[in-house]
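Novice:
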Amino acid sequence: MYVLTVGTFDGVHKGHNYILNNTLKEAKKDNLIPLAIMLRYPIGQYVNGFDGLILPSWKRKSLMEKMGFKVKIVDMEDVWKITHEEYLNDLINLGVKKIVCGEDFRFGRGALGDVSYLLTEGVKKGLKIKVLHDLKNNGKRISSTLIRKSLKKGLIEKANFMLNRHWTLEGPIYEDRHVGRDRLGFPTANMDIRYKEDILFPAYGVYISKSLLNEKIVYGLTSVGIRPTYYEKKKEPKVETFYMDFDDNLYDQIIEIKILKFLRSEIKFNSEKDLILQMKKDEILARNIILKEKL
Numbered sequence: 000m001y002v003l004t005v006g007t008f009d010g011v012h013k014g015h016n017y018i019l020n021n022t023l024k025e026a027k028k029d030n031l032i033p034l035a036i037m038l039r040y041p042i043g044q045y046v047n048g049f050d051g052l053i054l055p056s057w058k059r060k061s062l063m064e065k066m067g068f069k070v071k072i073v074d075m076e077d078v079w080k081i082t083h084e085e086y087l088n089d090l091i092n093l094g095v096k097k098i099v100c101g102e103d104f105r106f107g108r109g110a111l112g113d114v115s116y117l118l119t120e121g122v123k124k125g126l127k128i129k130v131l132h133d134l135k136n137n138g139k140r141i142s143s144t145l146i147r148k149s150l151k152k153g154l155i156e157k158a159n160f161m162l163n164r165h166w167t168l169e170g171p172i173y174e175d176r177h178v179g180r181d182r183l184g185f186p187t188a189n190m191d192i193r194y195k196e197d198i199l200f201p202a203y204g205v206y207i208s209k210s211l212l213n214e215k216i217v218y219g220l221t222s223v224g225i226r227p228t229y230y231e232k233k234k235e236p237k238v239e240t241f242y243m244d245f246d247d248n249l250y251d252q253i254i255e256i257k258i259l260k261f262l263r264s265e266i267k268f269n270s271e272k273d274l275i276l277q278m279k280k281d282e283i284l285a286r287n288i289i290l291k292e293k294l
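First residue of the sequence shown: 0, per numbering that gives the first Met the number 0; consecutive thereafter.
#1: Go through its chain and collect everything with a Cβ distance to Leu212's Cβ below 8 Å, but skip five positions before and after it.
#2: DSSP beta-bridge partners for Gly138?
#3: For Thr240 versus Thr187, is the C-beta spacing smaller than 8 Å?
#4: Roughly how many angstroms separate the alpha carbons of Ile283 and Arg140, rounded to a whole number?
#5: Report yes or no: do the segment 25-44 and the segment 3-12 share at least 3 C-beta pairs separated by less than 8 Å?
#6: Using 10 angstroms around the beta-carbon of Arg263, count the other beta-carbons present and answer buried if the total reaches 16, otherwise exposed.
#7: Just to confirm the assignment: which complete alpha helix (DSSP H) runs, minimum length 4, are found wholly within the segment 80-117?
#8: Return helix, strand or coil for Tyr242, following the three-state DSSP convention.
#9: Using only alpha-carbon positions, find the residue among Asp103, Lys97 and Leu131 that is nearest to Gly121.
#10: Return the bridge partner residues of Thr4 from the DSSP annotation.
#11: Please report the straight-line C-alpha distance between Leu168 and Ile192, rounded to a whole angstrom.
#12: Flag this pair as yes or no: are the beta carbons of Asn21 and Leu131 separated by less than 8 Å?
#13: If we count the other Cβ atoms within 10 Å of its Cβ and call it buried at 16 or more, is Tyr206 buried or exposed?
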């Protein structure tokens with residue numbers, strides 16, 4: 000028998016943790032199994048255009064499992080034709096005894112199911128419902144939308160505060176044109192962050208980051224953008240990291256990077272020489288910040 004919460008949980012941020020921790024409390028109180036039904040993508044992926052996920056589904060699932068949840072991942076297209084009446088009956092047949100949700104929770108085809116429906120029809124069917132008010136920061140609701148906007152503006156510290164952890168990017172390291180190593184003197188690890196799911200690209204620019212490589216914490220300069228200094232037929236955003244004090248082969252490994260701080264915006268340089276000079280300045284500044292702020 001389950002106590003259930005439902006959502007995309009993109010980022011598993013402070014607002015989500017508020018709901019998830021309350022769900023765990025209800026599970027413990029009523030001796031129920033905490034269950035989270037997690038949507039892989041929010042509805043924006045299908046109707047309004049979407050910048051990308053804050054965290055991939057497997058990362059969100061792992062974070063919630065560590066909290067003690069049983070997690071079921073579903074795709075929106077598999078459930079959006081189900082009416083809210085059918086959806087509620089399916090949950091009851093699954094063994095759900097209690098639902099914990101936010102005040103804006105909606106479900107079923109056309110999003111016709113809402114908290115009011117749960118509190119009337121759900122209760123009639125024997126369900127217990129706990130509705131939580133929004134968690135706010137400085138009067139603003141902590142949401143995945145707000146975190147995405149912050150990341151798109153390069154406001155990393157603000158996003159990390161709402162996430163309650165460092166934002167991470169991950170993916171396999173692939174071989175590119177060796178421009179960083181052969182021409183600039185800054186070998187970079189190129190990461191495919193969209194190798195499985197559509198992950199958000201933050202504001203184009205240079206970030207201070209860190210990774211666990213060969214059981215050692217290594218700091219890096221992570222560049223996100225379209226490399227405007229160089230001509231490329233197809234300009235697609237790339238994520239590449241110059242790891243300071245590390246130069247081992249990382250090809251084909253899946254690496255995770257923690258994004259610590261936004262250093263500067265992406266710049267189109269007049270020459271490679273100017274780019275190299277700026278990269279040297281970036282490294283000096285990054286090392287000073289890491290020491291001073293103890294990142």
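Glycine residues also receive a C-beta, built at the ideal position from the N, C-alpha and C atoms.
Specialist: Taking the structure as given:
#1: Numbered from 1 along the sequence shown, position 213 holds the residue referred to as residue 212. Cβ within range, chain order: Tyr242, Phe245, Asp247, Leu249 and Ile254.
#2: Here residue 138 refers to the residue found at position 139 of the sequence shown. None, per the DSSP bridge assignment.
#3: Indexing the sequence shown from 1 puts residue 240 at position 241. Indexing the sequence shown from 1 puts residue 187 at position 188. It is a contact, given that the beta carbons lie within the stated cut-off.
#4: Counting from one through the sequence shown, the residue named residue 283 turns up at place 284. Counting from one through the sequence shown, the residue named residue 140 turns up at place 141. Rounded to the nearest angstrom, the two C-alpha atoms are 38 Å apart.
#5: yes
#6: Looking up residue 263 in the sequence shown gives position 264. So Arg263 counts as exposed.
#7: 83-93
#8: Residue 242 sits at position 243 when you count from the first residue of the sequence shown. Here Tyr242 sits in strand by DSSP.
#9: Here residue 121 refers to the residue found at position 122 of the sequence shown. Out of Asp103, Lys97 and Leu131, Lys97 has the C-alpha closest to the C-alpha of Gly121.
#10: Taking the sequence shown and counting its residues from 1, one reaches residue 4 at position 5. Partner(s): Ala35.
#11: Here the question's residue 168 lines up with position 169 in the sequence shown. Here the question's residue 192 lines up with position 193 in the sequence shown. So the alpha carbons of these two residues sit roughly 7 Å apart.
#12: Here residue 21 is taken as the residue at index 22 of the sequence shown, counted from 1. Here residue 131 is taken as the residue at index 132 of the sequence shown, counted from 1. Yes, they are a contact pair.
#13: What you label residue 206 is simply residue 207 of the sequence shown in a count that begins at 1. Tyr206 is buried by the Cβ-count criterion.
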